[in-house]
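Here numbering that gives the first Met the number 0 is used: the first residue of the sequence shown is 0, the next is one more, and so on. Backbone N, C-alpha and C fix where the C-beta goes; we use that ideal spot for every residue, glycine too.
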Amino acid sequence: MVSFRAAAALLVVLSLSAGVVGATSAVGLDGDHIPAFTELDDGTDPLATDTDGDGLDDRREKTYGTDPTDPDTDGDGLEDGPEIKEYDSDPHEPDTDGDGLEDGPEVHEHGSDPTVVDTDEDGLDDPAEVNDHGTDPAAADTDEDGLNDSAEIDAGADPTVADTDEDGLDDGPEVNEYGSDPTAVDTDGDGLEDGPEVHEYGTDPAAVDTDGDGLDDPEELDGPTDPTVADTDDDGLPDGAELDRGTDPLESDTDGDGVDDGPEVTEYGSDPTAVDTDGDGLTDDEEVNDYGTNPTRVDSDFDGLDDPEEVDGPTDPLKSDTDGDGLSDSRELEIGTDPRDPGTDGDGIPDGAEVNQPELFPDADPLRTDIYVEVDTVEGMAVPDDALDRIEEQYADAPVDNPDGSTGISLHFVVSNTSLPDSDQFDESNWYDLRRDHFDNDGKGYHHLLLVDDAGLTGNGGPAAGLADGERAFMIVTQQRSERTTGSVVMHELGHSVGLWPADHDGIDSERYGAEAYPSVMNYNSAEDSYDYSTGDAGPNDFDDWGHIEEHLYVPNTGLIDVTGYEAAG
Numbered sequence: 000m001v002s003f004r005a006a007a008a009l010l011v012v013l014s015l016s017a018g019v020v021g022a023t024s025a026v027g028l029d030g031d032h033i034p035a036f037t038e039l040d041d042g043t044d045p046l047a048t049d050t051d052g053d054g055l056d057d058r059r060e061k062t063y064g065t066d067p068t069d070p071d072t073d074g075d076g077l078e079d080g081p082e083i084k085e086y087d088s089d090p091h092e093p094d095t096d097g098d099g100l101e102d103g104p105e106v107h108e109h110g111s112d113p114t115v116v117d118t119d120e121d122g123l124d125d126p127a128e129v130n131d132h133g134t135d136p137a138a139a140d141t142d143e144d145g146l147n148d149s150a151e152i153d154a155g156a157d158p159t160v161a162d163t164d165e166d167g168l169d170d171g172p173e174v175n176e177y178g179s180d181p182t183a184v185d186t187d188g189d190g191l192e193d194g195p196e197v198h199e200y201g202t203d204p205a206a207v208d209t210d211g212d213g214l215d216d217p218e219e220l221d222g223p224t225d226p227t228v229a230d231t232d233d234d235g236l237p238d239g240a241e242l243d244r245g246t247d248p249l250e251s252d253t254d255g256d257g258v259d260d261g262p263e264v265t266e267y268g269s270d271p272t273a274v275d276t277d278g279d280g281l282t283d284d285e286e287v288n289d290y291g292t293n294p295t296r297v298d299s300d301f302d303g304l305d306d307p308e309e310v311d312g313p314t315d316p317l318k319s320d321t322d323g324d325g326l327s328d329s330r331e332l333e334i335g336t337d338p339r340d341p342g343t344d345g346d347g348i349p350d351g352a353e354v355n356q357p358e359l360f361p362d363a364d365p366l367r368t369d370i371y372v373e374v375d376t377v378e379g380m381a382v383p384d385d386a387l388d389r390i391e392e393q394y395a396d397a398p399v400d401n402p403d404g405s406t407g408i409s410l411h412f413v414v415s416n417t418s419l420p421d422s423d424q425f426d427e428s429n430w431y432d433l434r435r436d437h438f439d440n441d442g443k444g445y446h447h448l449l450l451v452d453d454a455g456l457t458g459n460g461g462p463a464a465g466l467a468d469g470e471r472a473f474m475i476v477t478q479q480r481s482e483r484t485t486g487s488v489v490m491h492e493l494g495h496s497v498g499l500w501p502a503d504h505d506g507i508d509s510e511r512y513g514a515e516a517y518p519s520v521m522n523y524n525s526a527e528d529s530y531d532y533s534t535g536d537a538g539p540n541d542f543d544d545w546g547h548i549e550e551h552l553y554v555p556n557t558g559l560i561d562v563t564g565y566e567a568a569g
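Written out as structure tokens, the structure is:
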């Protein structure tokens, strides 16, 4: 048999004889631009462009250094042509990427890239996927469960099974959406498989108590409450707390008292299972919504009176001292004063001050009209005690009704411990200075009487024994020739200070009517030792001084009377 080399040589000779090649040499009979004799020397076929038929012509094989007579130079199962043209792999190196898998199997068996160690970039090298895990090196998520292969391995899941633990929930959603364990059927160990928790109940497979209400999910599913809603009845109290307290988690107002369970517990401290928590006869709803009282206290304002008593009575159940007079409501009811009126007896002095401040208001009675007069005298001048006592007796016998059923006015002359210097000037030019300098009880409901031995007072065009400023409740009286007469002047000026003025009756400070027609010390025609106020019974020109005082008693400024701090005593 003639060898391939001999046959090729014969063909070359015949070609030369036929003039196929020029006179110089026989070059590239097969179009690969390699001289025929060179191809003969190299063992390639001078009549075939690609001797080994691997898709790479002989000239390029010489360029790449591959064997033009062997289609798979490196013997890796992948021909030289595809290695260079398709896969960019090394035709001299069986395992181009050095990952342990030869190029041919990577392409033909596994579909992986022979030039990349981790074809699918899933974090696993191709040989590990093929040899260790059975995963697809060309697919990042072999089982298409939403979790790439390396993440599955890290999680202990099977990268070739979409639902490793067969709980009805694919591994990807378990890890990426629900935070559950893809290798545990019941991640939170609550007795419910992860799949049903997600698909059937809407609960969290990674939490025993999905809604955080204190009740485990299975307990809620077996009971009436919603495991995905912390407060099923939306009353402000979590379901678990409701069961602990014995309330109905499906009923916002368990006891039907008009106040939802949540506010009862968190705002008011009342019992959501009792209509009337404090047992005072008022429902919790009435206390909270109608009266604003405390549903947990029988006596909301600590005044000694139960809330229902105050609600049905005159006092305010939210104020221990309804009228703000310094006496608690219960104390007022105890002693008979009006808890709605700070001055029950109408004398302008708060009830609490009359009861609790004997040092300021000695012998005061909140159920009887009291009038207080501070008396200041000139140094060395005797106080006309008998005259002042007589005036007090006149007031005590006055036909004036009191809340306690008695009649009369308790007049209190309170003599100051200080005396005015005899050197002071006493007349209307400086009497306000005297008042300012010597009046100790200004602003405390007191009238002020200044007794002097001599003063240049004038009134109605002539000398005056006394003067009164009704607005300031201030009187100045000059000592007369007898104590009795001095007392009569005091009685007259005090009449002005408590409210008797010419504007009220034309017989006051006037000589218009005789003493019989208007028998009053306010009449200039009265005797100089008169101590009487009229009762209006003497005829058509008479005037009821006492009646006017009873109806229009002038009360000096009381703005400085402090009734605070006496609640305990009251």
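Whole angstroms are fine: how far does the CA of residue j sit from the CA of residue i?
i, j, result
"Glu-94", "Thr-68", "The amino acid occupying residue 94 in the given sequence is Asp; Glu does not appear at that position. Their backbone Cα atoms lie some 21 Å apart in a straight line."
"Asp-153", "Glu-128", "14 Å"
"Arg-434", "Phe-473", "8 Å"
"Gly-486", "Glu-392", "12 Å"
"Asp-561", "Thr-246", "50 Å"
"Asp-375", "Val-413", "9 Å"
"Gly-280", "Pro-402", "32 Å"
"Pro-365", "Leu-326", "11 Å"
"Glu-85", "Ser-179", "44 Å"
"Glu-575", "Arg-339", "This structure cannot speak to residue 575, because the chain is shown only from 0 to 569."
"Asp-344", "Tyr-394", "15 Å"
"Val-451", "Asp-436", "15 Å"
"Gly-323", "Pro-341", "6 Å"
"Tyr-445", "Gly-494", "14 Å"
"Gly-21", "His-32", "Residue confidence for Gly-21 is low, a pLDDT of 43 falling below 50, so the modelled location carries little weight and cannot support an answer."
"His-109", "Asp-148", "16 Å"
"His-198", "Asp-170", "15 Å"
"Asn-522", "Gly-506", "6 Å"
"Thr-581", "Asp-102", "It is not possible to answer for residue 581, since the shown part of the chain is limited to 0 through 569."
"Gly-564", "Ser-415", "26 Å"
With 7 Å set as the bound, which would you pick, yes or no: does the beta-carbon of residue i sit closer than that to a beta-carbon of chain C?
i, result
"Glu-378", "Any reference to chain C falls outside this structure, which holds one protein chain only."
For residue i, count the other beta carbons within 10 Å of its own beta carbon; 16 or more makes it buried, fewer makes it exposed. Which is it?
i, result
"Asp-400", "exposed"
"Lys-443", "buried"
"Phe-360", "buried"
"Pro-420", "exposed"
"Gly-574", "This structure leaves residue 574 out entirely; the chain is present only between 0 and 569."
"Glu-263", "buried"
"Ala-229", "buried"
"Phe-301", "exposed"
"Thr-417", "exposed"
"Ser-481", "exposed"
"Glu-549", "buried"
"Gly-42", "exposed"
"Ala-381", "exposed"
"Leu-559", "exposed"
"Pro-271", "buried"
So, for residue i: in the same chain, excluding its five sequence neighbours on each side, which residues have a beta-carbon less than 8 Å away from its beta-carbon?
i, result
"Ser-24", "The pLDDT assigned to Ser-24 is 47, lower than 50, so where the model puts this residue is not dependable; a value taken from the coordinates is nonetheless given after this. Here the set comprises Pro-34 and Phe-36."
Cutting at 6 Å between CB atoms, please list the residues of its own chain near residue i, excluding the five before and the five after it.
i, result
"Asp-284", "Asp-256, Gly-257 and Val-258"
"Tyr-553", "Val-497 and Gly-498"
"Asp-508", "Pro-501"
"Asp-117", "Asp-124"
"Ser-409", "Arg-367 and Asp-369"
Give me, in chain order, the residues of the same chain whose beta-carbon lies closer than 7 Å to that of residue i; leave out the 5 immediate sequence neighbours on both sides.
i, result
"Asp-315", "Glu-309 and Thr-321"
"Pro-90", "Tyr-63, Thr-65, Thr-72, Asp-73, Asp-79, Glu-82 and Ile-83"
"Glu-250", "Asp-232"
"Asp-208", "Leu-214, Asp-215 and Asp-216"
"Pro-126", "Asp-98, Gly-99 and Leu-100"
"Asn-288", "Gly-257"
"Gly-291", "Leu-317"
"Gly-528", "Note that residue 528 is Asp in the sequence shown here, rather than Gly. Here the set comprises Arg-483, Thr-484 and Ser-487."
"Asp-625", "This structure cannot settle anything about residue 625, because the visible part of the chain is limited to 0 through 569."
"Thr-163", "Ala-156, Asp-157, Asp-170, Pro-181 and Thr-182"
"Ala-138", "Asp-119"
"Thr-534", "Pro-398, Asp-543 and Trp-545"
Exercise for the section: Indicate whether the contact test is met: 3 or more Cβ pairs, each with one atom in the segment 330–343 and one in the segment 534–543, closer than 8 Å. Expected result: no
Exercise for the section: Entirely within the segment 458–498 and at least 3 residues each: give me those beta strand (DSSP E) ranges in chain order. Expected result: 465–468 and 473–477
Problem - Residue ranges of each alpha helix (DSSP H) within the segment 381–424, 4 or longer - result: 384–395
Practice task
Quick one: which unbroken alpha helix (DSSP H) runs of 4-plus residues sit fully inside the segment 522–552? Chain order, please.
Solution key: 544–551
Handout entry: Minimum length 4: unbroken alpha helix (DSSP H) runs contained in the segment 251–329
Key = 306–311
Exercise for the section: Could you name each continuous beta strand (DSSP E) segment of 3 residues or more that falls completely within the segment 210–246, going from the start of the chain to the end? Expected result: none
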